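If you read the sequence shown in this note's numbering, its first letter stands for residue 3, the second for the next number, and so on. Comments concern the structure below.
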Amino acid sequence: MTHHRSAERDNDQGLVLALDIGGTKLAAGVVRADGRALSFAACPTAVQEGPDAALKRLFELGRSVLDEAGVAPGQLRGTGIGCGGPLDGEAGVLICPPHLPGWLDVPVVDLAVEAYGRPAVLDNDGTAGAAGEWRFGAGRGSDSLLYLTVSTGIGGGAVLGGRTFRGAAGNGGEPGHVLVRSDGRPCRSCGRRGCLEAYASGTSIAERAGEAVAEAAAAGTDTALAGLDPLTAADVAAAARRGDPVAVAVWEETVTALGSGLTTLVNVFEPEVVVLGGGVTRTGEQLLGPVRRIVAEQAMGPAAAAARLTVAAGGDRAGVLGAAAIAFERLDPAP
């Protein structure tokens with residue numbers, strides 16, 4: 003378990019406990035209304051141990067960050083929880099998140115209320131991420147924002163007209179399932195073919211690179227990617243920077259797909275800010291530069307001119323800041 007503590011202390015704007023449930027790690031923090039974390043900690047999800055064990059660890063992590071910040075549960079406005087869907091944000095139930103096998107109809111909000119004795123809210127982590135970047139991060143001060151997290155899959159959300167967008171059933175704002183290639187690769191998350199997620203996620207980058215390495219071997223072409231096991235998106239990006247032709251081709255297909263998907267979204271929503279987060283964005287301008295050019299060239303003129311494309315500010319705390327943002331948005335002020 004890692005702990006970080008800020009010197010910032012209690013303030014008069016209210017405090018929330020923010021919990022982020024990921025397939026790989028759990029994270030928690032005590033966050034002020036200005037987005038400053040008084041404490042932050044993370045630990046492995048160990049999803050194979052099942053929901054009961056993981057939730058016990060999550061709530062213990064929450065208690066540890068409260069202790070670290072010197073905050074009692076009674077001082078909290080409440081608890082915000084972010085998790086991948088599908089989920090029922092109104093009822094506070096995780097329905098069947100694919101990254102959490104065996105988590106079926108888990109009443110996580112009721113369990114959090116029981117654990118801390120304060121109100122709690124649940125939102126999709128992409129929705130929470132959008133709210134976090136709008137309230138605390140790269141979209142601060144804007145009226146409209148699109149957020150994409152480009153990692154194992156592609157998630158995200160939107161803030162439109164200063165309001166967090168959730169859709170009719172609470173799981174709206176799924177940018178990873180914009181079509182970028184008709185009859186393209188199958189999307190493992192939704193079952194359609196040609197989704198953005200099937201081309202630009204870290205998983206897809208690695209898969210397509212593996213296929214390209216096999217084709218190169220059959221053709222007798224050398225590539226620096228050969229022999230790497232496991233082959234990752236970071237490996238592909240590094241080899242592409244060095245000019246490896248196989249890696250360059252995979253990377254170009256990736257940025258073309260991401261640019262195409264973002265062009266569609268920018269045309270539909272005409273946002274002020276497009277924020278990209280997630281592990282794949284650690285490549286910086288190698289990803290953002292070509293994507294910016296594609297959107298500038300292909301989006302409709304007014305939409306292209308209005309949209310500022312930038313990288314997320316939340317870093318490794320993005321999930322916790324997102325969970326905090328939805329808590330501040332949805333919970334009444336603490337008495």
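All residues carry an ideal CB built from backbone N, CA and C; glycine is no exception. Being a predicted model, the structure only gives us computed values, none of them experimental.
Nearest residue (CA-CA) to residue i, options the options
{"i": "Gly303", "options": "Ala221, Gly158, Gly72 and Val268", "result": "Val268"}
{"i": "Tyr201", "options": "Gly158, Thr256 and Val33", "result": "Thr256"}
{"i": "Ala48", "options": "Arg190, Ser41 and Leu60", "result": "Leu60"}
{"i": "Gly279", "options": "Ala74, Gly72, Ile156 and Leu28", "result": "Ile156"}
{"i": "Ala43", "options": "Val252, Pro109, Ala71 and Ala220", "result": "Ala71"}
{"i": "Gly212", "options": "Ala306, Asp145, Gly143 and Leu227", "result": "Leu227"}
{"i": "Val190", "options": "Ala326, Lys27 and Pro100", "result": "Before going further, note that residue 190 is Arg rather than Val in the sequence given. Out of Ala326, Lys27 and Pro100, Pro100 has the C-alpha closest to the C-alpha of Arg190."}
{"i": "Glu62", "options": "Glu92, Val111 and Ala117", "result": "Ala117"}
{"i": "Ser262", "options": "Thr283, His179, Ala235 and Gly91", "result": "His179"}
{"i": "Thr166", "options": "Thr154, Cys197 and Asp125", "result": "Asp125"}
{"i": "Leu323", "options": "Ile83, Glu51, Val277 and Leu78", "result": "Ile83"}
{"i": "Gly91", "options": "Thr266, Cys45, Pro109 and Ala30", "result": "Pro109"}
{"i": "Gln50", "options": "Val115, Leu102, Ser66 and Gly291", "result": "Leu102"}
{"i": "Gly164", "options": "Glu217, Gly134 and Thr265", "result": "Gly134"}
{"i": "Asp334", "options": "Gly76, Gly87, Pro121 and Thr26", "result": "Pro121"}
{"i": "Ala242", "options": "Ala220, Leu264, Leu289 and Val275", "result": "Leu289"}
{"i": "Ala240", "options": "Ser66, Gly52 and Val282", "result": "Val282"}
{"i": "Val152", "options": "Asp22, Trp136, Gly291 and Ala235", "result": "Ala235"}
{"i": "Asp36", "options": "Glu254, Gly139 and Ala29", "result": "Gly139"}
{"i": "Ala93", "options": "Gly317, Gly80, Leu106 and Val111", "result": "Val111"}
{"i": "Leu233", "options": "Lys58, Gly169 and Ala249", "result": "Ala249"}
{"i": "Tyr149", "options": "Lys27, Leu264 and Val293", "result": "Leu264"}
{"i": "Leu106", "options": "Ala130, Gly52, Gly158 and Ala218", "result": "Gly52"}
Closer than 9 Å to chain D by CB, residue i
{"i": "Leu323", "result": "Annotation note: the requested chain D is absent from the structure, which comprises a single protein chain."}
Boundaries of the beta strand (DSSP E) in which residue i is found, first to last residue
{"i": "Ser41", "result": "Ala39 to Pro46"}
{"i": "Ala122", "result": "Ala122 to Asn126"}
{"i": "Ala160", "result": "Ile156 to Leu162"}
{"i": "Thr397", "result": "No information on residue 397 is available, as it lies outside the stretch 3 to 337 that the chain covers here."}
Identity of the residues DSSP links to residue i by a beta bridge
{"i": "Ile83", "result": "Leu21 and Leu124"}
{"i": "Arg195", "result": "Pro188"}
{"i": "Gly31", "result": "Ala20 and Phe42"}
{"i": "Val95", "result": "Asp90"}
{"i": "Leu181", "result": "Cys197"}
For residue i, the first and last residue of its enclosing alpha helix (DSSP H)
{"i": "Val111", "result": "Val110 to Tyr118"}
{"i": "Arg315", "result": "Here the sequence assigns Ala to residue 315, which means Arg is not the residue at that position. Per DSSP, Ala315 belongs to no alpha helix (DSSP H) and is neither H nor E."}
{"i": "Thr151", "result": "It is not in any alpha helix (DSSP H) - Thr151 instead sits in the beta strand (DSSP E) that spans Leu147 to Val152."}
{"i": "Arg319", "result": "Taken as a continuous stretch (DSSP letters only), Arg319 belongs to no alpha helix (DSSP H), as it is neither H nor E."}
{"i": "Ser66", "result": "Pro53 to Ala71"}
{"i": "Glu213", "result": "Gly204 to Ala221"}
{"i": "Ala239", "result": "Ala235 to Arg243"}
Under 9 Å between C-beta atoms of residue i and residue j
{"i": "Ala314", "j": "Ala308", "result": "no"}
{"i": "Ala20", "j": "Ala329", "result": "yes"}
{"i": "Pro247", "j": "Thr223", "result": "yes"}
{"i": "Ser146", "j": "Glu331", "result": "no"}
{"i": "Val252", "j": "Ile296", "result": "no"}
{"i": "Ala160", "j": "Gly143", "result": "no"}
{"i": "Ser41", "j": "Leu78", "result": "no"}
{"i": "Val18", "j": "Ala326", "result": "yes"}
{"i": "Gly31", "j": "Gly86", "result": "no"}
{"i": "Thr225", "j": "Val215", "result": "yes"}
{"i": "Val270", "j": "Thr312", "result": "no"}
{"i": "Leu89", "j": "Gly169", "result": "no"}
{"i": "Pro177", "j": "Gly128", "result": "yes"}
{"i": "Pro46", "j": "Lys27", "result": "yes"}
{"i": "Ala305", "j": "Glu299", "result": "no"}
Residue i Cβ short of 8 Å to the ligand SAM heavy atom set
{"i": "Ala249", "result": "Among the ligands in the structure shown, none appear at all, so the ligand SAM cannot be discussed."}
Please specify which runs of the alpha helix (DSSP H), each continuous and at least 4 residues long, are wholly inside the segment 259-306, giving them in chain order.
287-300
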